[in-house]
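A short worksheet on the structure shown next.
Numbering (the UniProt record's numbering), first residue to last: 1 to 201.
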């Protein structure tokens, strides 16, 4: 119920309940906002203000319900975990003694956690990210050393595109290089890029 407290009796033309929703998604270091729901419902009177009635002084409440969209997160890869905020606004429009129109508003914010089900088809598909760097190798030519540069490519693949807290994270890294790598004793090959992953609720 959305309650609205009146200080005195008014003659209303209609009571309008407007639902507005914004989803704020935080993934890594990016924040994006998107309007996901814009809906208007008239609970009393008529939209064309053809009906008038009187509301006595005191507290009044009207039941309402609406369906939250089942797919609130876009399919883009950067939208994975979201907090959905709905603002419920009641607008009471009424006529004044001088014949003018005035509006009284009251708002209430409702925040929901957008849970991701890892069994949904849109989140069970594997995803991959590919990046390239430079590989420096020393070659001997005519008893002198020279340095050549060749591109190395690393492909990182996840078996899921979304994870919940406690889900195992399986990462597969495939490193390819067009030149032959020679590893002496005590040497190693290291990936220098580091990414942070966080499972949202």
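Where is the CB? At the ideal position from N, CA and C, for every residue including glycine.
Check	Outcome
Burial state of residue 90, where buried means 16 or more other Cβ atoms lie within 10 Å	buried
Rounded straight-line distance, which links the Cα of residue 8 to that of residue 45	19 Å
Helix, strand or coil at residue 64 according to DSSP, with G and I counted as helix	coil
Sequence-distant residues of the same chain with beta carbon closer than 6 Å to residue 60, five excluded per side	4
Residue 110 burial status per 10 Å Cβ neighbour count (16 or more: buried)	exposed
Residues bridged to residue 14 [DSSP beta-bridge criterion]	45, 93
Where residue 169 falls: helix, strand or coil (DSSP)	coil
Delimiting residues of the beta strand (DSSP E) encompassing residue 55	53-55
Distance, residue 11 Cα to residue 95 Cα	6 Å
Residues sharing a beta bridge with residue 174, DSSP	155
Residue from 16, 127, 100 with nearest C-alpha to residue 63	16
Residue 263, DSSP secondary structure in three states	Residue 263 lies beyond the stretch modelled for the chain, which goes from 1 to 201, so this question has no answer here.
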